[in-house]
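Number of protein chains: 2
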Amino acid sequence: MATAGSGRATTAGRMLDLLRTQGTLSRVELAERTGLTPATITNTVRRLIDAGLVHEIGRGHQRGRGQPRRLLELDPRAWHAVGIQVDRTTTTIVVLDFAGTRIADASLRGSGGSGPEATVAALVENVTALLQRNGIAHDRVLGTGLVTHGPQDRERGVLLTAQPDPAWLEFPLTRTLADRLGIPVLLENDATAAAFGEQWAGSVPTDTFGLVYMASGIGGGVVVDGESYRGRASNAVEIGHIALGGGLAPCLCGNRGCAQAEAGPRAVIEGALADPALAVRLGIRGDPDDTLADFERLARAWRTGDRDATQLLERSAQWIGRAAVTLVNLFDLDTVVLAGPAFATAGPLYRRHVAAELEQRALSRALSRPGVHLATNVETAAAIGGALHVLRTMPVDVRRPPRAAEIGSG
Amino acid sequence: MATAGSGRATTAGRMLDLLRTQGTLSRVELAERTGLTPATITNTVRRLIDAGLVHEIGRGHQRGRGQPRRLLELDPRAWHAVGIQVDRTTTTIVVLDFAGTRIADASLRGSGGSGPEATVAALVENVTALLQRNGIAHDRVLGTGLVTHGPQDRERGVLLTAQPDPAWLEFPLTRTLADRLGIPVLLENDATAAAFGEQWAGSVPTDTFGLVYMASGIGGGVVVDGESYRGRASNAVEIGHIALGGGLAPCLCGNRGCAQAEAGPRAVIEGALADPALAVRLGIRGDPDDTLADFERLARAWRTGDRDATQLLERSAQWIGRAAVTLVNLFDLDTVVLAGPAFATAGPLYRRHVAAELEQRALSRALSRPGVHLATNVETAAAIGGALHVLRTMPVDVRRPPRAAEIGSG
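Going down the list, the sequences are from chains A and B.
For the record, in the first sequence the residue sitting at position 174 is 174 according to our numbering, with numbers rising by one throughout.
Take any residue in the second sequence, note its place counting from 1, add 1000, and you have its number in our numbering.
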């Protein structure tokens, strides 16, 4: 079967990737950037045009004395991809078109204390409604990228964690969701997906960087020369479980002093709850399924100048900064991106403190000034990355004209 | 110029690498393992034989009904490589033949408080003497791999550290050594080289693992799918500067609670010196240029059952175990190798405690039992890795018969 987009292996896949990143390119530019022969480019472009995946959009600027170049562009409506980020306290759904542009999104409550069956049912209902509202037929959706915190078995599509509920451990997650949704599902780590999403957004000035992802918990991602660091089985960069100097708080993982136990949103909220008058004043409720909502209340209080809220967040931000120092020292980085719903309001405070910690303590500080960036899509980066992962890695049949299929089934 | 061995890029280099790892292979096996056509294999093998790098050694077992296979092997005497590991308290020199076998070694005092000029002079003297004693002409030495602790600028061949003496920072190290020695010099990180050396030794049962390197300081290396993790500029995996939970000791790097400051050989010796009677009893002298000799005294006392020495080493080993937990959690590993002169005697004690910490605290412990191995060449792994790095990456001119040159110059 002639397929495109399966990793970077196929010629067609590489060309689609380049067009998705660059917007428009001529055949000559495609040849230059892929190192492929003009004949291969011509043949592959013809197949992609016949399949309705790519179209020509007139002529670009003439360079030198050659022929005017016809520019190529992805047909954004050829296919779509869904990205879903699920966490205990938050769920985000995005729909991207074939060119990678976000055309719809929705956010809902997280999985909370619910088991996987109830969560899958809610996801199916919401994804279906979102596609319907936007007039997208299910069979024009290439796939769904489901992103969760680790550890995962990506190949089998199951979670290797009993958090927050034992029913999640080894539940056939991607298979069940794919069956009920009628769309193939790929599993991906939330922080890795967020790194991928931010790289795509073009906001990170380098293709080698680390990412701190903070939702209910804390995760990490590393991109080196444009490629995600995967380790043995894609369960890498668990920076929430760096045991920090001076830290002694017990962590779920069995360790003490972990970044997540010392400084994660739940730890911040526990800090607020320790002072009942403060909790009442800030409207902190303490429901573990609503940690991020409480965290938002605290972050808004910081924005209005509340000193107690500021103190709690600053302590957390300093710890996260120290975890970032270890991330940077171990992976040899000079750029860190902050992403995830916990940074929605408190992002600038965290950015400042993480930058200060790196400037004081990163081993590389003498070589280059560490850069800390707040993600462009701070809340949705992971869901966007999940959908992009689908666009980049799921095979597209380049023989079948998608428009015809759309008419047939829509 | 026809060259071989420059990374994995060239056909000849890949074939030399395979022969170095496998010992002997037939042309058919080379074709199978490289995916190259029989014609390419035949042509390249002919060039390698003509250049005196490879020879045939009779016939292997017959498979099926085909022709009996002639086996190929590297000519071990075609070239040599030198590996030098320099640390504040220890220097190790090894000479490998072209097949990667160690044919000579020497160990001497480290750089101590000396500046780079004096250290380079000592290295030149010792390498020259070692080559002479073993009848190896300088122009049959492909290169020297110089391994030191980070940070380094490998491309420029300079150290980016003022430790232990400011004169080392930005000193033109590889250029000066190469000029005085008359042999090209490559710079490499000690822990990365040690990981490479152990992988080559075949003692690690997987090609994805982490390595803890302990000489005067503590470094780390990570190999994923057989390739070293390099990061932005090859200054990665600085596990000596993981700030550990509960740790508060000030570190040279400006941080507190770093693994090196809490648990490195110097910290262990400071612990012994804090009890003057103990220091006298164990023969601990406290000279910072002799930390590893003091550490050896302590390790030997442990071996004879001394309880105070055991307590000091066990505290260090537990901290190293916690640093290994972070290494494993961030890089997604299940195998850790311990290498470096500090493990020469105390290795088994460290192995046991690092294994215990990983079994209790590594996130992946539920997925697979973490494995901790003591390096085969615990003291010399880094120097061996430096020499192997030369053999694998420095180009060999495959046109010039080395034997003829050897006769001409030897």
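Virtual Cβ for every residue (Gly too), placed ideally from N, Cα, C.
Everything numeric in this text was worked out from a predicted model, so none of it was measured.
{"Asked": "Interface flag, PRO1250 (chain B) vs chain A, CB-CB below 8 Å", "Found": "no"}
{"Asked": "Where GLU198 (chain A) falls: helix, strand or coil (DSSP)", "Found": "helix"}
{"Asked": "DSSP bridge partner residues for TYR229 (chain A) (one or two, in chain order)", "Found": "Per DSSP, none; premise fails for TYR229 (chain A)."}
{"Asked": "Chain-order list of residues whose beta-carbon lies under 6 Å from that of VAL1237 (chain B) (same chain, five-residue window excluded)", "Found": "GLY1220, GLY1221 and VAL1222"}
{"Asked": "Whole-angstrom distance between ASP1306 (chain B) and GLU1270 (chain B), CA atom to CA atom", "Found": "17 Å"}
{"Asked": "Beta-carbon contacts of ASP275 (chain A) that lie in its chain and below 8 Å, excluding the five residues immediately before and after", "Found": "ASP308"}
{"Asked": "Local conformation of ARG109 (chain A) per DSSP, three classes", "Found": "strand"}
{"Asked": "is_contact[GLU1238 (chain B), chain A] using C-beta, thresh 8 Å", "Found": "yes"}
{"Asked": "Range of the contiguous beta strand (DSSP E) that encloses MET1214 (chain B)", "Found": "1209-1214"}
{"Asked": "Span separating the alpha-carbon of ARG1008 (chain B) from that of THR1148 (chain B)", "Found": "Residue placement at ARG1008 (chain B) is poorly supported in this model, since its pLDDT is 40, which falls under 50; the coordinates are not used for a value here."}
{"Asked": "Per-residue contacts from GLY247 (chain A) into chain B (C-beta, under 8 Å)", "Found": "GLY1245 and GLY1246"}
{"Asked": "Contacting residues, own chain, Cβ-Cβ under 8 Å from ARG1027 (chain B) (five flanking each side not counted)", "Found": "PRO1038, ILE1041, THR1042, VAL1045, ARG1069, ARG1070 and LEU1072"}
{"Asked": "Contact under 8 Å by Cβ, GLY1340 (chain B) with TYR1213 (chain B)", "Found": "yes"}
{"Asked": "CB contact below 8 Å: VAL325 (chain A) versus chain B", "Found": "yes"}
{"Asked": "Residue from A:GLN199, A:GLU227, A:GLN152 and A:PRO288 whose Cα sits closest to the Cα of ALA438 (chain A)", "Found": "Absent from the structure is residue 438 (chain A), since the part of chain A shown begins at 1 and ends at 410."}
{"Asked": "Three-state class that DSSP yields for THR1174 (chain B) in the structure shown", "Found": "helix"}
{"Asked": "Within-8 Å CB hit, GLY1157 (chain B) to chain A", "Found": "no"}
{"Asked": "Reduced DSSP secondary structure (H/G/I, E/B, other) of ALA411 (chain A)", "Found": "Nothing can be reported for residue 411 (chain A), as the shown portion of chain A is limited to 1 through 410."}
{"Asked": "Bounding residues of the alpha helix (DSSP H) (the contiguous stretch that carries HIS1353 (chain B))", "Found": "1343-1361"}
{"Asked": "Short CB-CB distance (under 8 Å) between ARG1033 (chain B) and chain A", "Found": "no"}
{"Asked": "Spatially closest choice to HIS241 (chain A) from B:TRP1302, B:GLY1245 and B:LEU1252, by CA coordinates", "Found": "B:GLY1245"}
{"Asked": "Contact set between the region 1137-1149 of chain B and chain A, restricted to residues whose Cβ is under 7 Å from the partner", "Found": "none"}
{"Asked": "Cα-Cα separation between MET15 (chain A) and GLU262 (chain A), rounded to whole angstroms", "Found": "46 Å"}
{"Asked": "Stretch-stretch touch, CB-based, cutoff 8 Å, three pairs: the region 181-192 of chain A with the region 367-385 of chain A", "Found": "yes"}
{"Asked": "Sequence-distant residues of its chain with Cβ nearer than 7 Å to VAL325 (chain A) (five each side left out)", "Found": "GLU357, LEU358, ARG361 and ALA362"}
{"Asked": "Three CB pairs or more closer than 8 Å across the region 73-85 of chain A and the region 113-121 of chain A", "Found": "no"}
{"Asked": "CB contact check: SER111 (chain A) to chain B, cutoff 8 Å", "Found": "no"}
{"Asked": "Close Cβ partners of SER1203 (chain B) (< 6 Å) along its chain, the five nearest in sequence each way excluded", "Found": "THR1376"}
{"Asked": "Alpha-carbon to alpha-carbon, ASP179 (chain A) and GLY1157 (chain B)", "Found": "57 Å"}
{"Asked": "Candidates A:ALA51, A:GLN22, A:LEU96 and A:LEU19, of which the one nearest VAL396 (chain A) by Cα", "Found": "A:ALA51"}
{"Asked": "Own chain partners of THR34 (chain A) with C-beta closer than 6 Å, once the 5 adjacent residues on each side are dropped", "Found": "ARG14"}
{"Asked": "Where THR1393 (chain B) sits in the DSSP three-state scheme", "Found": "helix"}
{"Asked": "Helix, strand or coil at GLN85 (chain A) [DSSP, three-state]", "Found": "strand"}
{"Asked": "Sub-8 Å separation of GLY1217 (chain B) and GLN1260 (chain B) beta-carbons", "Found": "yes"}
{"Asked": "Which residues DSSP lists as bridging GLU73 (chain A), in chain order", "Found": "A:THR24 and A:HIS55"}
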